[in-house]
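Enquirer:
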Amino acid sequence: MFDRFIDYAAKVAPDNIAIRSFDGTISYQVMNRDINRLAHALLAEFNPLPKVVAVNYLQIHVHWMFLMALSRIGVISASVSSNSDVAEKEIAVIQPDVVISGTILDIDTDAKIVVFDLDWYSQALKKYQPDPIYNFYEADRVVRVSIACGTSNVRHRIDHTASMIEAAIVRMTTQEKISWSMMGVIPKSPIFLPTLAFGSFHGFLCFLSIWSICGTVIMVDREQYPAAITMLSPDLMVISPAQLQSISKNLPSDAPRLDHLRLIVVASNFPNHLRQFVKERLTNNININYSTSEVGVIASINIDQVQYDDIAGWVLPWIDLQIVDDQDNILKNGEIGNIRIKGPGIVKEFYHNKEDTEKQFKDGWFYPGDLGVLNENSTLRLLGRIDEIYNFGGDKFYANKIDLVIQNIDGVSDAAFFSTVDENGLNQPWIAIVRGDNFDINKIGNVIEKEFYNLPDTNILWVNSIPRNDENTVLRYRLSLLASNYKMSIE
């Protein structure tokens with residue numbers, strides 16, 4: 000179904016650039032033609048057609064062409080990582096009938112693995128004619144499968160229907176117009192540099208929303224982001240703070256500012272030092288979004304209105320959001336509690352996972368597992384995960400708050416709080432730290448003593464990077480495993 004956006008753009012704006020990379024450009028007319036050729040090639044390969052196909056392809060352009068061709072012949076698609084270890088876990092959640100890969104995959108799966116390498120792809124585009132293929136629009140038919148893992152450490156399969164995708168794209172483009180309404184000139188055909196993994200639903204929608212308005216998507220590898228920013232002149236990016244942190248370290252010192260660039264930062268917190276880097280080196284046009292795969296974008300705010308690192312923004316007009324206690328009593332503004340959400344397009348369940356569905360979907364509300372507070376002016380602040388409240392001797396600590404305080408210490412590049420269980424079965428506090436220039440361990444102790452005086456003696460774990468998922472959530476369980484292994488190695 001979602002391939003129809005390309006087909007429509009090929010009619011109304013055939014010469015507009017759909018894809019741009021360091022290798023050149025592809026127009027909508029050419030892209031749509033090649034989707035038809037590839038769709039005919041897949042029809043020749045599969046008889047009968049599989050129900051669900053997962054695509055595992057390193058080359059972003061070819062990956063998307065397979066997704067579009069599968070959509071054109073009415074097959075449900077999903078995207079999995081090009082890393083085979085990650086892909087194996089994702090495939091186990093998605094449960095596809097077939098996996099299309101550019102290389103041989105040595106993984107444990109019941110799905111049929113089909114290798115269509117770049118040579119096969121090139122030959123398919125030469126062999127088959129671009130005769131149009133059309134499928135009926137069935138609003139309730141599942142057309143896309145994604146993986147949600149931002150609200151917990153557990154991966155869940157989510158099924159998306161044609162109408163869900165269509166409505167989500169309309170809401171996303173509407174939100175864009177609202178968010179940037181105060182800017183001077185917004186291009187009719189934006190040039191978009193995506194950085195979010197399109198295996199997530201939000202990352203997937205970012206591509207489609209640009210193509211739905213005949214814009215251009217820049218397709219480059221992650222390590223090429225700094226070069227793409229300076230050489231391919233994007234005017235829109237959607238990015239996480241962790242990716243901004245990486246760009247801040249690799250952006251050439253003589254790179255010019257991009258005053259036309261609009262930056263959407265998808266974050267549960269956006270530290271002040273990163274905000275200053277973006278303003279000084281990239282652009283002043285910054286919006287912050289709070290989103291989940293199950294809901295989409297929930298809240299948004301302009302950078303000039305930010306007062307706290309953990310601000311999420313104003314709840315969007317089509318979203319109902321409440322802060323409740325553990326008994327689901329609605330709390331007043333200023334009181335910390337559990338976030339719950341209602342709105343159009345929210346998924347109703349996790350695929351074949353009754354236990355987690357009943358835990359996070361109740362009476363029409365979705366519970367993302369986030370702690371929040373609505374300020375007096377109704378802006379939403381995110382204070383971390385419900386399962387990231389740590390209790391030491393009756394004193395409770397929010398991991399997210401500790402993260403922010405330590406991250407803002409001079410000489411600390413990144414940091415995350417977590418705990419491990421000692422030999423007596425008691426939780427012990429730890430902080431993982433990525434050291435930067437001018438690091439001073441005494442500053443850590445002084446700040447902890449001042450800000451968290453009742454926190455027990457805290458252990459330090461030196462790491463090269465803080466593990467996070469694609470939605471920038473700290474994977475604290477991985478840090479716990481690292482610390483446990485570290486303790487075992489020195490005992």
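Take the sequence shown: its position 74, counting from 1, is numbered 73 in numbering that gives the first Met the number 0, and each next residue is one higher. No residue lacks a Cβ here, since even glycine has one placed at the ideal position from N, Cα and C. From a predicted model like this one, the values you see are computed outputs, not experimental measurements.
With a threshold of 8 Å, are at least 3 pairs of Cβ atoms found where one atom belongs to the segment 189-199 and the other to the segment 160-168?
Expert: The answer is no - the segment 160-168 does not touch the segment 189-199, with fewer than three Cβ pairs under 8 Å.
Enquirer: Looking at C-alpha atoms only, which residue of Leu315, Thr419 and Val97 is the closest neighbour of Lys176?
Expert: Leu315
Enquirer: Among the candidates Asn376, Glu354, Ser290 and Glu279, whose CA atom is the shortest distance from the CA of Ser239?
Expert: Here the closest residue by C-alpha is Ser290.
Enquirer: From the DSSP secondary-structure annotation, give me the bridge partner or partners of Asn134.
Expert: Note: Asn134 sits in no beta bridge, so no partner.
Enquirer: Return the first residue and the last residue of the alpha helix (DSSP H) that Gln28 is part of.
Expert: The continuous alpha helix (DSSP H) containing Gln28 extends over residues Tyr27 to Glu44.
Enquirer: Just list the residues that DSSP pairs Thr491 with in beta bridges.
Expert: There is no way to answer for residue 491, as the model of the chain reaches only from 0 to 490.
Enquirer: Let me check understanding here. Comparing Cα to Cα, which of Tyr452, Ile432, Asn441 and Asp439 lies closest to Ser464?
Expert: Ile432
Enquirer: Can you pull the DSSP bridge partners for Asn55?
Expert: Ser100
Enquirer: If the criterion is Cβ atoms closer than 8 Å, does the pair Arg156 and Phe349 meet it?
Expert: yes
Enquirer: Thinking just about the alpha-carbon of each residue, which of Ser81, Ile93 and Lys126 is nearest to the one in Asp105?
Expert: Ser81
Enquirer: Is His159 helix, strand or coil when you go by DSSP?
Expert: His159 falls in the strand class under three-state DSSP.
Enquirer: Is the beta carbon of Asp308 less than 8 Å from the beta carbon of Asn284?
Expert: If you check the CB distance, Asp308 and Asn284 do not come in under 8 Å.
Enquirer: Within 10 angstroms of the Cβ of Arg475, are there 16 or more other Cβ atoms? Answer buried if so, exposed if not.
Expert: buried
Enquirer: Is DSSP giving Glu490 helix, strand or coil here?
Expert: Confidence is the limiting factor: at Glu490 the pLDDT is only 41, short of 50, which leaves the residue's position unreliable, though a coordinate-based value still follows. Three-state result, Glu490: coil.
Enquirer: Can you give the Cα-Cα distance for Gln275 and Tyr452, rounded to whole angstroms?
Expert: In a straight line, the C-alpha of Gln275 is about 29 Å away from that of Tyr452.
Enquirer: Identify whether Asn288 lies in helix, strand or coil by the three-state DSSP scheme.
Expert: strand
Enquirer: Please go through the same chain and pick out, in chain order, the residues whose beta-carbon is closer than 8 Å to the beta-carbon of Val61, but skip the five residues on each side of it.
Expert: Gly101, Leu117 and Tyr120
Enquirer: Can you tell me whether Val420 is buried or exposed? The criterion is at least 16 other CB atoms within 10 Å of its CB, across all chains shown.
Expert: exposed
Enquirer: Just the Cα atoms here: how many angstroms apart are Leu260 and Asp324?
Expert: Leu260 and Asp324: Cα-Cα distance of roughly 40 Å.
Enquirer: Could you tell me which whole beta strand (DSSP E) segments of length 3 or greater appear in the segment 356-408?
Expert: 369-373, 378-384, 388-391 and 394-397
Enquirer: When you compare only the Cα positions, how much space is there between Arg71 and Ile25?
Expert: 19 Å
Enquirer: Would you grab the beta carbon distance between Val54 and Leu66 for me? Rounded to a whole angstrom, and I think it's under 8 Å.
Expert: 6 Å
Enquirer: With a threshold of 16 other CB atoms inside 10 Å of the CB of Gln326, please say whether the residue is buried or exposed.
Expert: exposed
Enquirer: Could you spell out where the beta strand (DSSP E) holding Ile460 opens and where it closes?
Expert: Note that residue 460 corresponds to Leu in the displayed sequence, not to Ile. Looking at the DSSP string, the run of the beta strand (DSSP E) that includes Leu460 is Asn458 to Trp461.
Enquirer: Kindly identify the DSSP beta-bridge partner or partners of Trp119.
Expert: For Trp119, DSSP records no beta bridge to any residue.
Enquirer: Is it buried or exposed for Trp461, if we count other Cβ within 10 angstroms and need 16 for buried?
Expert: exposed
Enquirer: Would you list the one or two residues that DSSP bridges to Gly295?
Expert: Thr291
Enquirer: Am I right that Ile430 and Thr457 are in contact with their C-beta atoms under 8 Å? What's the rounded C-beta distance?
Expert: Yes, Ile430 and Thr457 are in contact; Cβ-Cβ is about 6 Å, under 8 Å.
Enquirer: Please go through the same chain and pick out, in chain order, the residues whose beta-carbon is closer than 7 Å to the beta-carbon of Tyr127, but skip the five residues on each side of it.
Expert: Arg36, His39 and Ala40
Enquirer: Below 8 Å on the Cβ atoms is my contact criterion, and I expect Phe115 with Ile99 to pass it. Report the Cβ-Cβ distance as a whole number of Å.
Expert: 6 Å
Enquirer: Go through its chain and collect everything with a Cβ distance to Glu450's Cβ below 6 Å, but skip five positions before and after it.
Expert: Closer than 6 Å at Cβ, skipping near neighbours: Val404.
Enquirer: Consult DSSP for Gly336 and reduce its assignment to one of helix, strand or coil.
Expert: strand
Enquirer: Could you round the C-beta distance between Ser78 and Ile217 to whole angstroms and report it? I think they count as a contact, below 8 Å.
Expert: That pair is no contact at about 18 Å.
Enquirer: Could you say which of Ile443, Asn134, Met30 and Arg256 lies nearest to Leu281 if we only look at CA atoms?
Expert: Here the closest residue by C-alpha is Arg256.
Enquirer: Tell me whether Pro428 sits in a helix, a strand or coil according to DSSP, three-state version.
Expert: strand
Enquirer: Any chance the segment 378-394 sits against the segment 220-231, with 3 or more Cβ pairs inside 8 Å?
Expert: no
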